[in-house]
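Have a look at the structure below, then the notes.
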Amino acid sequence: MTAAMPDAPSFRDSRLPFAKRVEDLLGRLTLDEKISLLHQFAPAVERLGVAAFRTGQEALHGVAWMGPATVFPQAVGLGATWNTDLVRRVGEAVSREARAMRARDDRVGLNVWAPTVNLLRHPLWGRNEEGYSEDPGLTSAIATAYTRGLRGDHPVYWRTAPVLKHWLAHNNETGRDVTSSSVPPRVLHEYDLRAFRETVEAGATAGVMPAYNLVNGRPNHVSPYLAEHLRTWTDEPLLVCSDAGAPSNLVDSEHYFDTHEEAVAAALRAGVDSFTDHGTDSSVTTGRIAGALERGLLTEADVDRAVRRHLSVRLRLGEFDPEDDPHARTAEFDTPSHRRLAQEAAEQAVVLLKNDDGLLPLPPGTRIAVVGLLADECKLDWYSGTLIHRSTPLQGLRGRFGAERVEFAEGVDRVRLRTGSGAFLRVPEAGGASGGARGAEGALDPALLAGRTDLPPLVTGPDGTVLDLVDWGGGVLTLRAPDGRYLSVAEDGRVRASAEQPGGWVVRETFRLEPRGDAHLLRHLGTGRHVCVDADGVRVAAEGESAAEPFELVVEERGEDAVARAAARADAVVVVAGNDPHINGRETEDRTTLRLPGHQRRLLRAARAANPRTVLALVSSYPYAVPAEALPAVLWTAHGGQAAGTALARVLAGDVSPAGRLPQTWYADDADLPGLLDYDVIGSRQTYLYFEGTPLFPFGHGLSYASFSYTGLTAAVTGGSVRVSCTVANTGDVTADEVVQLYTRAVDPPVVRPRRELAAHRRVRLAPGEKSEQVFEVPLSAFGFWDVARAGERVAPGPCELLVGASSEDVRLRTVVLLPGEPGAPRPVRASGLSAPDFDEHAGAEIVDRAKASGDAVAPAAGGRAELLYRDCDFGEGVTSVTVTVAGAGTLDVTAAPSSGGPAATATLSPAVPTAGPYDYTTLTAPFTATGVRDVRVTLRGRLRLAGMDFTG
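Written out as structure tokens, the structure reads:
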């Protein structure tokens, strides 16, 4: 390393350890300067030569929001590759482009907010596209690979500093800043924490972002889990960055604190180090922190702790060692290797769900009808960069099979809108107006990008313009002009054909037709106002104005008619269906159904009726329930980035054998789903781990153009792990990848355990006739569970089945090993009492915050009735009383019946008067006579919180 100049301060001396350099710089900062570093947009400290710094560069599947960049498949598509090596290389490419882009635009940050490790527990979650899998092990494996790529492999300096999103148990956009996820201890430790823990322990993570929601009644931004769990997993000084606006939510929407000074103090003490609030204006946050210090809610030591973490990240990024930073001169941007990698990732993400009678691959010379609303689209999502290259399925298939063999029918309904006066809406000529796609120039906050006003608004006339109408589901429509621009409403309220695509934080390109007598009113969904016509053209009504124009919808052509014509002339049909990532399922909006939108179901039926050789290619951010039984072939891929169309065409043509695997269960019907806010995956039997029904397609499913045999399974417990091996051979005619999957199943578990659980996997490429021995070392800890009786992890001794195959349901080999472990023991309730949240089973209960700072309690959901079961409670030689710690108002019944029969011990307790508040606990005692080992059942009624029970006598 280069030695510092003799008069340089110690924080610039690269020979010193980072910790000493941090302390030196910290000691030179004034209190006001230190406070200023706690906002997302930290200003420069010019007197020390310290530059301004921004946390939070979005980089989920490419550098986002900052203009053109390589766009890789959505995160759920990367998860579908099941390929950690590939994902690591994608992370490397993204981080290299971030460095190259920063060299020419210092607005590009190096503290990247990626990856998202929220588990895909519920397929209706609007942000399903951002996660990797419903399985915590697979999620962690993919996330770890991506963070390693983002970090780089230099032992000292990081290429970028990745932050994991969103801590914790966050899978709903509906009321996301006010709803609480009730997460029992087993679910917390075995499911939600696990994905974060394994990635943090891998050592390539710079920090974590708390989520908007509450967990067990407490906002994530003041969660004790940050200290109790997250910071115990690593010695690295992790930087915890708040989500945008979340610190203010603690008061404004959640009403968890009375003042913003209390809120910011609680968040800082809990472990939040960087506050993302009020955009680029740091004065509000710094003022609140200063106010908290003045009120004694914080100490300077609290501020120093957060500043140390902030400075540690900047040192690791090489900011103070420009001559030593190996990444400082990185210039790799949109390179041929990055383009090839984008295509490789898109190809590996394609999942072949069904292929009856060998319809796929399509042979050379096939005449193909490519139809559907996404057939000529390359959709981006909220966290995408701007496309440099673009490939749609239509372009890909025409390039592969020849334009003369590929016919296209989009399937839009072509309509005109006639006003009450008999005139039609007309899109005027754009004249000399010009402008690029929204966000092409880059924006720190694309939510603030304005709609275009340089184009003329719609007018009315005798002929009108034929518009392309698409119903994306639930009556949410887009209308597109013949030149390809979507009808949109800018800030001036005028309706123009001005948008390249639907998009924006508030989508301005969606409408709804509302029946009104023999006509329809057209409501603009972004503003919530009806469309009306005045002398200057077409606009939305002003707030409070009742000027809605009635429209007659004149249909010039139904989309299914065009699809049927094209399908009938083809040898095979490819229906490309799916979603627009900005409509009906996105950040801020959950989906309401698994069903494919009605418009697309019409097109699919028309294609299938006209030509039975119909392939359904789903391009979507999430699973759908589709009529797979009526179709010979079905594929799925997430929105695949810039090379999506080329990749899909190469798979359809057989140039690449598909080997993507489903990273989450595809359910057959909405009735199979739990409630969106039900986070108890064990109790409500969610995900492939516990689901007891029959899925449409199971977790890990995916077909190939090759076939594979599995032989020679062996397994042995050796030291602290189980060594599993088998031989996989390609018995087909083409070179292809197989994803070998190893699952475990406890044979006779003491508690409810997964039906099967992924323990290891590997994607391997084999030529025809080639075979490969696959060896997995599974640590014994992977067979453990969270034992609520001891509040710790335990491996239960006994038989465990090992299952190897091509999916969670396609098991080819199985064997049983006898695991060593620690036997369970009864709960020593006479000595230790019972902590209320440590129940074995419950019905109607939710976990709530015992106090604002820490601790959990249990209450009936919505003030109703809750049943709690605590198994195997040891009362020893006997107890004579029970004491409960409760808050609120209501009644509690405690029962302990001996397993051998006989009289049960019972007690009913209720506060004489309600306690002053939900955190004001009191103790109640009643006679309770019990001996030996018994199950304890508790019934709670009313708005009563139970923290714990003690037994004496």
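All residue numbers for the sequence shown refer to this note's numbering, where the first residue is 68 and numbers rise by one.
Glycine included, C-beta positions come from ideal geometry on N, C-alpha and C.
Next item on the list: Using the Cα positions of Val154 and Gln141, report the straight-line distance between them to the nearest angstrom.
Entry: 12 Å
Notebook entry, point to check: What's the C-alpha gap between Trp234 and Thr785?
Noted result: 35 Å
Check: How about His288 and Ser309: are their beta carbons less than 8 Å apart?
Finding: yes
Checklist line | Secondary structure of Ile435, DSSP reduced to three states | finding: strand
Next item on the list: Evaluate the contact criterion for the stretch 605 to 620 versus the stretch 388 to 400: three or more CB pairs, one atom per stretch, below 8 Å.
Entry: no
Notebook entry, point to check: When the Cα of Gly604 is compared with those of Asp559, Gly570, Gly551, which residue comes out closest?
Noted result: Asp559
Note to self: Please list the terminal residues of the continuous alpha helix (DSSP H) segment that includes Gln410.
What the structure shows: 403 to 415
Item checked: Where the alpha helix (DSSP H) containing Ser967 begins and where it ends -> Here Ser967 belongs to no alpha helix (DSSP H), and DSSP marks it neither H nor E.
Notebook entry, point to check: Is the beta carbon of Ala470 sitting closer than 8 Å to the one on Gly518?
Noted result: no
Next item on the list: Have a look at the DSSP bridge pairing and note the partners of Ala476.
Entry: Val438
Next item on the list: May I have a chain-ordered list of the alpha helix (DSSP H) segments no shorter than 4 residues that lie completely inside the stretch 143 to 214?
Entry: 151 to 171
Item checked: Own chain partners of Thr69 with C-beta closer than 7 Å, once the 5 adjacent residues on each side are dropped -> Its pLDDT being 47, under 50, Thr69 is placed unreliably in this model, and the value from its coordinates should be taken loosely. The residues are Ser81, Glu390, Asp391.
Notebook entry, point to check: Below 8 Å between beta carbons: does that hold for Leu740 and Tyr734?
Noted result: yes
Check: If you draw a straight line from the alpha carbon of Glu913 to that of Ser249, how long is it in whole angstroms?
Finding: 5 Å
Item checked: Chain-order list of residues whose beta-carbon lies under 6 Å from that of Glu159 (same chain, five-residue window excluded) -> Gly216
Check: Considering Asp628, what are the terminal residues of the alpha helix (DSSP H) in which it resides?
Finding: 626 to 635
Next item on the list: Inspect the CB distances between the stretch 523 to 536 and the stretch 649 to 658 and report whether three or more fall short of 8 Å.
Entry: no
Margin query: Which of the three DSSP states is assigned to Glu1021 in this structure?
Written below: No information on residue 1021 is available, as it lies outside the stretch 68 to 1020 that the chain covers here.
Notebook entry, point to check: Looking at Leu729 and Asp202, is the spacing between their C-beta atoms short of 8 Å?
Noted result: no
Note to self: Taking its Cβ as the centre, do 16 or more other Cβ atoms sit within 10 Å of Leu98, making it buried, or is it exposed?
What the structure shows: exposed
Notebook entry, point to check: So who's on the other strand from Glu805, going by DSSP bridges?
Noted result: Val831
Checklist line | Best match in Val533, Arg596, Gly595 for proximity to Val622 [C-alpha to C-alpha] | finding: Val533
Notebook entry, point to check: Can you name the start and end residues of the alpha helix (DSSP H) that Pro229 belongs to?
Noted result: Careful: Pro229 lies outside any alpha helix (DSSP H) and carries neither H nor E.
Checklist line | Top-ranked residue by Cα proximity to Thr802, from Tyr772, Val949, Arg812, Tyr810 | finding: Tyr772
Checklist line | Contact under 8 Å by Cβ, Asp371 with Arg336 | finding: no
Check: Relative to the alpha-carbon of Phe843, which residue among Asp854, Glu837, Arg829 has its alpha-carbon at the smallest distance?
Finding: Arg829
Checklist line | Rounded separation between Ala782 and Leu546 - CA only | finding: 60 Å
Next item on the list: Rank Glu240, Val245, Arg563 by C-alpha distance to the C-alpha of Asp319 and give the top, closest one.
Entry: Val245
Check: Do you know offhand how far Ser788's Cα is from Phe850's?
Finding: 10 Å
Check: If you drop the 5 nearest sequence neighbours on each side, which residues of the same chain put their C-beta closer than 6 Å to that of Val537?
Finding: Leu440, Val479, Thr545
Notebook entry, point to check: Among residues of its own chain, excluding the 5 on either side of Pro927, which ones have a beta-carbon nearer than 8 Å to its beta-carbon?
Noted result: Gly911, Ala912, Glu913, Ala933, Gly957, Leu1007, Arg1008, Gly1009, Arg1010, Leu1011
Item checked: beta strand (DSSP E) runs contained entirely in the stretch 733 to 805, provided each spans 3 or more residues -> 775 to 785, 788 to 797
Check: In terms of DSSP beta bridges, what is His597 paired with?
Finding: Arg590
Checklist line | Sequence-distant residues of its chain with Cβ nearer than 6 Å to Asp1017 (five each side left out) | finding: Gly900, Thr950
Notebook entry, point to check: So, do the stretch 697 to 713 and the stretch 669 to 684 have three or more beta carbon pairs nearer to each other than 8 Å?
Noted result: yes
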